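Numbering (this note's numbering), first residue to last: 75 to 362.
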């Protein structure tokens with residue numbers, strides 16, 4: 075890894091917000107913080123759930139208050155807050171006043187386990203990054219495609235490297251400037267040794283959904299319980315998807331966007347709405 079590259083301009087301190095869905099004590103989060111703190115021009119703010127919040131999606135707390143507890147960090151460049159909220163809550167809190175100023179970037183992770191394909195719609199890790207983008211901040215979600223004996227060091231160093239590129243403006247292309255929307259990346263690192271990484275791949279989301287199924291069990295009182303199971307993503311090994319890339323030991327980088335509008339459906343919907351407007355009941359409500 076390059077130790078001579080700084081993340082900001084000379085003398086400028088870059089404030090980085092870190093969060094996750096595995097909890098404030100998770101190994102992946104602290105590996106990420108340690109990697110960023112190697113950069114002397116970086117100030118790290120951790121705002122993360124005080125417990126496991128995996129698969130919480132983009133849920134937020136609206137029916138009860140959120141407890142926030144500052145924890146000792148041991149470094150003047152590291153600020154740690156644990157909250158009782160969800161990953162999206164954590165980012166909302168951070169951007170709405172917990173941090174003294176808006177961060178230069180938000181990095182969510184490092185998640186234990188992949189966030190591939192339709193996982194992004196359920197992932198607290200990705201949703202935290204999405205919340206940052208909604209708040210106008212560039213964001214990166216980082217995951218390692220392993221659940222057991224996870225090694226976070228390489229993924230943490232890679233997260234710092236790609237963050238450097240974002241902060242240097244290397245990804246500020248013409249299309250992005252025209253849209254003026256924050257950058258949102260979903261990064262998945264294969265669960266192999268660094269020397270076995272085959273390279274990088276810019277990917278799209280795998281849209282094939284694995285089959286969901288539940289295991290039914292009955293307790294001694296006759297009540298039924300269901301455990302969610304499901305299949306592992308397979309996908310086409312030769313496709314340009316994130317699932318395919320990780321299966322070939324490539325680091326998958328998937329650019330995401332906030333606009334979920336299906337513009338391709340505009341023409342068909344226009345025809346449908348014209349037919350609907352000819353309906354007597356709709357016409358009666360238009361003042362005609």
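We treat Cβ as the ideally placed atom computed from N, Cα and C, and that holds for glycine. From a predicted model like this one, the values you see are computed outputs, not experimental measurements.
query, result
"Report all residues from its chain with a CB closer than 7 Å to the CB of residue 260; omit the five preceding and five following residues, and keep chain order.", "189, 194, 200, 215, 328 and 330"
"Give a yes or no on whether the C-beta atoms belonging to residue 222 and residue 162 are separated by under 8 Å.", "no"
"Since I believe residue 98 is in contact with residue 154 (beta carbons under 8 Å), could you give me their beta-carbon distance rounded to a whole number of angstroms?", "7 Å"
"Do residue 277 and residue 326 have their C-beta atoms closer together than 8 Å?", "yes"
"Pull up the CB-CB distance for residue 202 and residue 182, whole angstroms please, since I reckon it's below 8 Å.", "4 Å"
"Out of curiosity, what's the CA-to-CA distance linking residue 343 and residue 350?", "10 Å"
"If you check the beta carbons only, do residue 118 and residue 152 fall under 8 Å apart?", "yes"
"Relative to the C-alpha of residue 86, which candidate in 145, 178 and 100 has its C-alpha closest?", "178"
"Rounded to a whole number of angstroms, what is the C-alpha to C-alpha distance between residue 148 and residue 110?", "15 Å"
"Give the C-beta separation of residue 159 and residue 167 to the nearest angstrom, bearing in mind that I take them to be a contact with Cβ-Cβ under 8 Å.", "7 Å"
"Express the C-alpha separation of residue 263 and residue 164 in angstroms, rounding to a whole number.", "24 Å"
"Considering only the alpha carbon of each residue, which of 138, 225, 135 and 211 lies closest to residue 104?", "225"
"Given this structure, state the Cα-to-Cα distance separating residue 79 from residue 139, to the nearest angstrom.", "Confidence at residue 79 is low in this model, with a pLDDT of 34, below 50, so the placement of that residue is unreliable and no value is reported for it."
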